[in-house]
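A short worksheet on the structure shown next.
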Amino acid sequence: MFLIAIGDRTVGGQVARDQLVGPWQIPVADVGVTATCLQKGIRTRTATAIKPTLALINPGASARMEVAEALCNMAAADVSLQKLAYPLSANWTSAIHHPGEGAALYEAVKAVVALCKQLRISILVGKDSTPMKMGWRDQQSQEAREVVAPLSLVTSAFRMV
């Protein structure tokens, strides 16, 4: 994942634990914890999940696993999972104009909607990037080439505690 998450990452000195670590900002920690207010001890927990390689095999299962992983990662921050009042953020990427990719995106979205209804949680924010295909002509052989990014969903769960 190479996205900058919404919120204070380190600028204000309020990050207690960042989920994204290392030079490529990979979410290897289960959860990030940010102090919302230094005086009152109010904190925000954020957990991110991404499973793009699984989407190559089963887009619906990949999307469901991402939601489940984001919610399970919240448990590392000592947050009760019984309340299930976790708003989610969903950031989708897909090459919808490539054969089969539009159908894969539809399957993944349908799976997430069904799961969120069962869990009684909502996706409050999200965005999509759908032109995830790049084409060019090789200068030496004049052969047409293309690269297609796999369908992916970056799911983030967040909660103030």
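Residue numbering for the sequence shown follows full-length UniProt numbering, starting at 1 and increasing by one per position. Positions of the beta carbon are idealized from the N, C-alpha and C atoms, including for glycine.
For residue j and residue i, believed in contact at Cβ under 8 Å, the rounded distance
{"i": "M134", "j": "E146", "result": "7 Å"}
{"i": "A47", "j": "V31", "result": "5 Å"}
{"i": "A95", "j": "L153", "result": "Contact flag wrong, Cβ pair sits at about 14 Å."}
Under the three-state DSSP convention, the category residue i falls into
{"i": "V112", "result": "helix"}
{"i": "L84", "result": "Its pLDDT being 48, under 50, L84 is placed unreliably by the model, and nothing is read from it."}
{"i": "N91", "result": "strand"}
{"i": "M143", "result": "A quick correction: the sequence has Glu, not Met, at residue 143. If DSSP states are grouped into helix, strand and coil, E143 belongs with coil."}
{"i": "A157", "result": "strand"}
{"i": "L119", "result": "helix"}
{"i": "L151", "result": "coil"}
{"i": "G22", "result": "coil"}
{"i": "I4", "result": "Any reading at I4 must be qualified, since the residue scores a pLDDT of 48, below 50, and its modelled position is unreliable; the value itself is stated next. Residue state, collapsed to three classes: coil."}
{"i": "G100", "result": "coil"}
Cβ-based burial, residue i [other Cβ within 10 Å; buried from 16]
{"i": "L56", "result": "exposed"}
{"i": "P59", "result": "buried"}
{"i": "V33", "result": "buried"}
{"i": "E69", "result": "buried"}
{"i": "residue 174", "result": "Not covered by the structure: residue 174. The range shown for the chain is 1 to 161."}
{"i": "V109", "result": "buried"}
{"i": "W92", "result": "buried"}
{"i": "E143", "result": "exposed"}
{"i": "I26", "result": "exposed"}
{"i": "A114", "result": "exposed"}
{"i": "R137", "result": "exposed"}
{"i": "V125", "result": "exposed"}
### Task
Answer yes if the segment 85-96 comes into contact with the segment 119-137, meaning at least three C-beta pairs across the two stretches below 8 Å, and no otherwise.
yes
### Query
Of all the beta strand (DSSP E) runs that stay within the bounds of the segment 29-82, which reach a length of 3 or more residues?
32-37 and 42-50
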